[in-house]
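Reviewing the structure listed below.
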């Protein structure tokens, strides 16, 4: 009677851990891709990662940055969604005050738009909301501007 040969090749604990983590990451990515939640954040971070982001910021700056990246902040569009603002529109432009509008389009924030445009041109970053909220340097420009104008985010 023939006994099936077993694979006797041993793997190290580190290799086993790496394979398990890769498998978990694949499941996590598949779930992230299929989920209908977090659409705003998916545009910024389409791939799941265990890497910490924005580690150089202090707590206040990190909070502002995270709120913008998650799409959950004190701009009128989101306040309207949770029933805290009547229209959700920008008081200056009378269009929905989304994060994209506030950062890239609002005529009240021309100083920010100009600074971001110059920085993005210099660094060859496309001026899209998903890009400016992804790069630490552009986020720093945005957060510093928000703090300077004392806008609650």
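In the working numbering, the protein residues as written are 44 to 196. Every residue gets a Cβ at the ideal spot worked out from N, C-alpha and C, and that includes glycine.
* For residue 137, which three-state DSSP category applies? -> As a working note, residue 137 is residue 94 in the chain shown. In the structure shown, residue 137 sits in coil (DSSP, three-state: anything other than H, G, I, E or B).
* Beta-carbon contacts of residue 96 that lie in its chain and below 6 Å, excluding the five residues immediately before and after -> To locate residue 96, count along the chain shown from 1; it is residue 53. Excluding positions up to five away in sequence, the list is empty.
* To do: Quick one: grab the DSSP three-state call for residue 101.
  => Within the chain shown, the letter at position 58 stands for residue 101. Residue state, collapsed to three classes: coil.
* To do: Assign residue 112 to one of two classes, buried (16 or more other C-beta atoms within 10 Å of its C-beta) or exposed (fewer than that).
  => As a working note, residue 112 is residue 69 in the chain shown. Classification for residue 112: buried.
* Buried versus exposed, by CB contacts within 10 Å (16 or more), residue 78 -> Walking along the chain shown from the start, residue 78 turns up at place 35. With fewer than 16 other Cβ atoms within 10 Å, it is exposed.
* Asked: For residue 182, does the count of other Cβ atoms within 10 angstroms reach 16, so buried, or fall short, so exposed?
  -> Numbered from 1 along the chain shown, position 139 holds the residue referred to as residue 182. Residue 182 is buried by the Cβ-count criterion.
* To do: Examine the Cβ distances between the stretch 110-125 and the stretch 140-158 and report whether three or more of them are shorter than 8 Å.
  => yes
* To do: Give me the Cα-Cα distance between residue 109 and residue 84, rounded to the nearest whole angstrom.
  => Residue 109 sits at position 66 when you count from the first residue of the chain shown. Residue 84 sits at position 41 when you count from the first residue of the chain shown. Taking the straight line joining both Cα atoms gives about 10 Å.
* To do: Determine which residues share a DSSP beta bridge with residue 132 and list them.
  => As a first step, residue 132 is located in the chain shown; it is residue number 89 there, counting from the start. Per DSSP, 139.
* **CA-to-CA distance, residue 63 to residue 172, given in whole angstroms** => Position 129 of the chain shown, counted from the first residue, corresponds to residue 172. Position 20 of the chain shown, counted from the first residue, corresponds to residue 63. Each residue's Cα considered, the two are about 35 Å apart.
* **CA-to-CA distance, residue 70 to residue 146, given in whole angstroms** => Here residue 146 refers to the residue found at position 103 when the chain shown is read from its first residue. Here residue 70 refers to the residue found at position 27 when the chain shown is read from its first residue. Residue 146 and residue 70: Cα-Cα distance of roughly 34 Å.
* Asked: Going by alpha carbons, who is nearest to residue 135 out of 193, 167, 107, 152?
  -> Position 92 of the chain shown, counting from 1, holds the residue named residue 135. It is 152 whose Cα lies nearest to the Cα of residue 135.
* Asked: DSSP on residue 54, reduced to helix/strand/coil?
  -> Here residue 54 corresponds to residue number 11 of the chain shown, with the count starting at 1. Looking at residue 54 - three-state DSSP - the assignment turns out to be coil, as it is neither helix nor strand.
* Helix, strand or coil at residue 156 according to DSSP, with G and I counted as helix -> To locate residue 156, count along the chain shown from 1; it is residue 113. DSSP places residue 156 in helix when its eight states are reduced to three.
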